[in-house]
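Chemist: First residue of the sequence shown: 249, per this note's numbering; consecutive thereafter. Following this message is one structure expressed as structure tokens.
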Amino acid sequence: YWVFGSGRHVYLGQIIAILEIKKLVPALLTNYEVKFEGIQVTHQVLKSSPSSI
Numbered sequence: 249y250w251v252f253g254s255g256r257h258v259y260l261g262q263i264i265a266i267l268e269i270k271k272l273v274p275a276l277l278t279n280y281e282v283k284f285e286g287i288q289v290t291h292q293v294l295k296s297s298p299s300s301i
């Protein structure tokens with residue numbers, strides 16, 4: 249990630265920061281109701297035969 253720098257000037261907390269972001273985003277999405285306007289959601293049931301596995 250370019251925001252953490254590179255070479256001699258790399259951000260030392262890069263790994264911790266990335267782990268925190270990976271934990272924060274799912275927590276926000278599960279604790280809040282997210283609505284997208286203008287997007288149509290369609291549900292499809294995927295079927296497969298035993299021979300396709």
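Glycine included, each C-beta is placed from N, C-alpha and C at the ideal position. As the structure is a computational prediction, the values presented were derived from the model and not from experiment.
1. Alpha carbon to alpha carbon, what distance is there between L267 and G255?
2. Which class does T278 belong to by DSSP, given the choice of helix, strand or coil?
3. At the level of alpha carbons, what is the spacing between I264 and L276?
Modeler: According to the structure shown:
1. 21 Å
2. helix
3. 18 Å
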